[in-house]
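Read in this note's numbering, the sequence shown has 860 at position 838, and its numbers run on one by one without any break. What follows is a set of notes on a single structure, which appears directly below.
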Amino acid sequence: MRLNKSELASLANNPATRFDKEGLLTINERQESIFWHTDVKLECWCKLRGNLLFYLKDKHPKSPLAGVLVLEGCQPLIQHEQPELEGYVFDLVFKDSPSQRLITHSALERLDWVRCIEACSNAQLDQLIQQLEKQLSAAVAATVPQSSSCSNTADTLLAMGNHIDQGLPLPPSIAWPETAAAEAPFEDLDTELCELPICETALSCDNLPLDNFGRPPNPRIICSIMQPGIDCLWRQLARTELLDRTHNPQFLCTIRFLRSAGLKASTRLRFAVHDVRERLSSTSLPLGHAEVTLGMLQDTTRLRLPLCSTRGECGFISLTSWTPESVASSGRSNRAIAQPPRSSTQFFDQCSSSSIQAKGKPKGHRRSQSLPLQLGVRLFVPQQCGLERVCANPCLHSYRLHSTMGADISVLETMLESRVCCAVPQQLLSIWIQREKELLQEISGMGELSGEWRWRQMNLLEEHLRLLKDYSQAKQNIQQLMRDGAYYKRSAIKNDESLEFLPVNLHVQRMWAQNDTLQRRGMLDIITVGAFTRHDAKGRKSGGLIKLLQESKSWKLEQSNACKVQAANDAVQATKQLRKEIVELMSQLLQLASRRSARDMMPLCSAMVGKTRTLLNIWEPSIVEEAVSFIERHRIIEEPDNVLIEPMSPFRKITQQLSALELKSPELEDFATPVLAPPDLWPRGQPLMRSNSWHPSNGSANSSLEMQAIDSLQHVVKCYNAHLRSLEQTGQTSGLGEQLTYHEAVLPVAPPAGFLDTKLMSSSPSANYYRPTEEPEPLDLTQLNIEASVMCLESKLKFFCGRCDSPAIRLRQPKLPQKREGFAVTPQQAPDVISPPAQSPPQAQPPQLKLELATAPKKVNKFTDGLDLSLTTDWTAELRPSMRKLRHAMDRLLKTARLMHSVQRLQQDVRCNRIQSSITYRRDVCFSQALTSLVSGLLLRLWGSELDCSYLTLLRELGPLAYFEGLLSLYGAETDMWSDMCIAIEDLSAVSFTLVSAQPGELRPMPRVMGSRQALEVLVPVPEQALPSAAAPLTFRITPVFFNIGINEKATLGQTREQHRSNLDNYVRLSQYYSRYRKLGLNASAAADASSAEDPLQSLLGFMEQQLRANVFKNVKILHLAEDACRLMGGLRFTSCKSAKDRTGMAVTLEQCRVLGREFQLPAKQLPYALSTMRSEGTRMDNVFKNIGIRKYAFNLPQTLMLPAMYRPPVGSYGKAQT
């Protein structure tokens, strides 16, 4: 009582306070001093209100307050019905404290006190609420008609309840019977974004009453609605912000009334004014309320109503409303009958001020002192373009601010969820799953090895099966989440490893602002997302990707063949890419040959020859021969005579079970015999389905069967690997008998039927892997076959083009033997035409196979001998055999490349393979989160706003800038998060993006991720009118920059040296981007509007460099300067902290207010007020509630004091909560 003594005394002595029970009671009060204590019986006047029992100093009802008993967790108990000497006694039995003895003068009075005390307990109140809810449900079920459109109305109302004290908006998913038919055409879209409001209302009060101490109230207005004939209680729709100590408040928050929320002209509105006495618990007292219908708000521009309460009038409330012009122009008399029309949007007309005066539109009433100086009478609605097609579940808040010129600033704050949050990670997982399957096939294609190499081979199998299982399980979990309709991952479950590939709390934050006087409007888009990291549920620290990659690099330096493994992997990927491009060129050549278009064939032929030359110069023959000799020495060759007699070894049975994992290479489908051109990437009919791509229909029932096969095979490999390890430790040699005994114990069940037979796949003409018993083809023979096929194909094409006298070409030149650790991927230049024999030096030919080159005169070419151009009618029939031979030769080259890559990986240290696997998995997790956020930002820019020619020029010539703003502290676990974010953002620069036109009837444009881990390509759909039809495909890459400044209390303890070095490196990249951006001349208008002749971007970057060089602690000016630079260059904005909830909310709202002050002339003195309003009542508080279920930022008072002043949340909006 000592902490709030004055408030309790005011409540007890206030004559306006209603008490549940009053009367005389005799209370045993303990009086204590230093040397003695005693119990004194005090007869006094007692007052019961709720669970507080006040007792005064004497018997007079107006005597001072003596004390209070909190009746919580207690039970009134009558021990004896008969009176005692003192009177009629009953006890208050508490759970954790001594009981209290009370005495009355009569049995009836005692019974009345016991009943009142029992009724005031929370348990009794809970029972009463449950009874009322049941009665309400029964009443609603009886009054509301049952229909298909509102069959669950009673359940919805019961679940929603009376949430006035919680401040929750009305769920937009509620559709009433009257509006169900009108909303049918928009049932697949988010109507809140494209719907024109019925009206928008700003609120203010005047002459509010003071409290007993003469202090002004802390007012807040809560708007509730009731549908006549449907609702039985008031349901909260919206509320305003909380103001401090004012009796004439002017609120910034406005209320938009939408038809999609079931509102109509007859809807009753109640505006209740509350005096919030305590911010942390939102304890408030009602001051008064006013009721009005929505139709009345539409009819009048300004309405001033008295507030009603039990004490009479207690002030006034003023409602200023804006209605759409199309509604205002219609007759006011038919407002209650006709429904307001629905419109997609209403735009601001720059010459509208004169048009309004000319039309004689009705103006608002003369304003009193309680209203702002000037309020506009127009309703502004932003243009959202196709935002609802790429985002979902919008949450909107509107404000009316006042500029320095007395004008009105309309602000609409929107928060949405990205529809690609689950789609992009699924596509990435499909690519990585396919890669693990390819590596499994590479290892099994080596055959069974002898000695210690068998154990290493099984280790590699076990490692890849573990990764395959993790990727497959993660994809299955994301598919389940997507089927549940979720578009984001809550920060409360960020440690859940089953969804670790999804970004944490990914949301789109948009602010739209309009200044009517300045005739200026604009939008600010920010992607808010949690840190790109792999959260550990047990809190174990790994050092982050930077530390792990540095350790891996030092480990590789100790290994002799570590660089060979990386070079072999790069060479395999380059071979696959070149092979794909050559096949696509051959497909285009066949199309031109079918039309006999000779003019266009030679450029494609030259490109094909150049790519083939690059393909032939990738591999080093000496390294390939070394790998082939290794296989010949250590492979266990199975005798053909003993295949049917001796049982199969454990390794062969394990590799046979790999057929259950659908080990199908994508080249089997993508690179079939090129008879037709490759299908369109966005076909109009059936979508293209590839084994290494993702489609929404790919979530088949076979995923569970494949997961079972992976689990079974992983268990078998793990047991067999442990068996080999034990044999190696004991120094034993595993003979065939021991293998058979082990196999009978481990593999008692036959392997399940697979989706694709491994043997059939290896024997296919387009196979990309050697069979375990197949002899590798020499590299020289493969290269000679490729060269001969290309020479034949090129000669035939020249013959068809009328250049039959052209000599044959040579793709390779003799190479001098050189010793190196890697493989040269860069092609070596060679002449296109073979010189005459007299002028060329002697060429060394292989002794095994000699290719007869052109030594005859120039007019003779053996590849075209016997061909008559006039008699050749089918050009494709002449070209197809050479193309088929070239494709088969390239297949054999890829098989040899993969075999060599697997040998190099097998010779690498086992511990290095394990470290590399863990790093790869962590990097994939971080990259998946980063790419998903980046794709969401690109779709927001391409679909959420208009695309002009300047932005398309920026994409084509330079690529967009992506600025990632971090608020992490380099202390504890956040150090690992910062390290992971640095690598993940750096990896984004290697991804290429291609804009493609979306299909006309596609409601949800979905990007498509293709390629491999080393060369990813994202096909981003855009509106059809955005891309020119005859233009070449627009492909670009982004330039990511990452600036991080820690702002919380941990930043005081952490190290900033690595952060400072990283910020400087990113500043250099930003400056280089600006140098290229300035050459495009896209900011000429901005420079012309500037007050100084100097480019504002250049001066801004110069000041930013000064701030970076100063190296000031918690220097948030660096972030603000980077934000301004990114906005001036049309870049993409991303803001992150650990969970994108608390610190991110402070940063986003601050940036919004900075933009309002800089570009829309919001006065500096009103900026703290607007900032506090957006943080306490805006969309960022809704984001907090969506993630943790509490409308409190996760800060305590010491943490708040350690934040920079402009990043501190308002009082009452933070508290102890889950981060």
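Beta carbons are placed, not taken as given, at the ideal position from N, Cα and C, and that holds for glycine.
* Asked: When every heavy atom of the ligand SAM is checked, does at least one fall within less than 7 Å of the C-beta of I247?
  -> Only the bare structure without any ligand can be found here, which leaves the ligand SAM out of the picture.
* Where P509 sits in the DSSP three-state scheme -> One detail in the question is off: residue 509 reads as Tyr in this sequence, not Pro. The answer is coil: DSSP assigns Y509 none of H, G, I, E or B.
* Asked: Given 8 Å as the limit, is there contact between the stretch 219 to 228 and the stretch 274 to 287, that is, 3 or more CB pairs closer than that?
  -> yes
* Asked: From T322, I1060 and K818, pick the residue whose C-alpha is nearest to that of L960; which is it?
  -> I1060
* Can you grab the Cα-Cα spacing for the pair S432 / L956, in whole Å? => 29 Å
* Alpha-carbon to alpha-carbon, I1210 and L409 -> 27 Å
* Determine the contact status of S1158 and G1068, defining contact as a CB-CB distance below 8 Å. => no
* Asked: In whole angstroms, what separates the C-alpha of N36 from that of A129?
  -> 30 Å
* Residue closest to A1144, alpha-carbon to alpha-carbon, out of P238, E1127 and T898 -> E1127
* Asked: If we count the other Cβ atoms within 10 Å of its Cβ and call it buried at 16 or more, is S440 buried or exposed?
  -> buried
* If you run the structure through DSSP and keep just helix, strand and coil, what is W534? -> strand
* When DSSP builds the beta bridges, which residues end up paired with M248? -> R290
* **Alpha-carbon spacing of N14 relative to P239, whole angstroms** => This structure leaves residue 14 out entirely; the chain is present only between 23 and 1241.
* Asked: Which stretch, first to last residue, makes up the alpha helix (DSSP H) that contains Y973?
  -> C971 to E979
* Ordered along the chain, which non-local residues of its own chain (more than five positions away) have a Cβ less than 7 Å from that of A1037? -> Q595 and Q599
* Per the contact definition of three or more C-beta pairs closer than 8 Å, is the stretch 916 to 930 in contact with the stretch 465 to 473? -> yes
* **Alpha-carbon to alpha-carbon, G89 and L74** => 10 Å
* To do: Under the assumption that T262 contacts R242 (Cβ atoms under 8 Å), give the Cβ distance between them as a whole number of angstroms.
  => 6 Å
* Asked: Taking the Cβ atom as the reference point for each residue, do F523 and A553 lie within a distance shorter than 8 Å?
  -> no
* Determine the contact status of P98 and L87, defining contact as a CB-CB distance below 8 Å. => no
* Asked: To the nearest whole angstrom, what separates the beta carbons of F1058 and F1125, a pair I think is in contact under 8 Å?
  -> Not a contact, Cβ separation roughly 29 Å.
* Can you tell which of N234, Q1077, V812 and R257 has the C-alpha that lies nearest to the C-alpha of C245? -> R257
* Asked: If L316 sits next to L285, beta carbons under 8 Å apart, how far is it from one beta carbon to the other, in whole angstroms?
  -> 6 Å
* So, F1217 versus P1232, is the Cβ gap smaller than 8 Å? -> no
* In the DSSP assignment, what are the bridge partners of F76? -> K69 and V90
* Asked: If you drop the 5 nearest sequence neighbours on each side, which residues of the same chain put their C-beta closer than 7 Å to that of R388?
  -> Unreliable placement is indicated for R388, whose pLDDT of 41 sits below 50; no coordinate value is reported for it.
* To do: Decide if the stretch 906 to 918 is in contact with the stretch 795 to 812; the criterion is three or more beta carbon pairs, one per stretch, under 8 Å apart.
  => yes
* DSSP state of G45, grouped into three classes? -> strand
* Asked: Can you give the beta carbon distance from V1242 to G310, rounded, assuming they're within the 8 Å contact cut?
  -> Missing from the structure shown is residue 1242; the chain here goes from 23 to 1241 and no further.
* Asked: According to the Cβ coordinates, are A1147 and L1092 closer than 8 Å?
  -> yes
* To do: Report yes if the CB atom of F1182 is closer than 8 Å to the CB atom of S425, and no otherwise.
  => yes
* For T342, which of helix, strand or coil comes out of DSSP? -> strand
* To do: Answer yes if the stretch 932 to 942 comes into contact with the stretch 564 to 578, meaning at least three C-beta pairs across the two stretches below 8 Å, and no otherwise.
  => yes
* To do: Look at the alpha carbon of E647 and the alpha carbon of R1165, and state the distance between them as a whole number of angstroms.
  => 58 Å
* Would you call S784 buried or exposed, if buried means 16 or more other Cβ atoms sit within 10 Å of its Cβ? -> Only weak support is given to the placement of S784: the predicted model assigns it a pLDDT of 39, under 50, and the question is left unresolved by the model.
* Verify whether the separation of the beta carbon atoms of V1031 and L964 is less than 8 Å. => no
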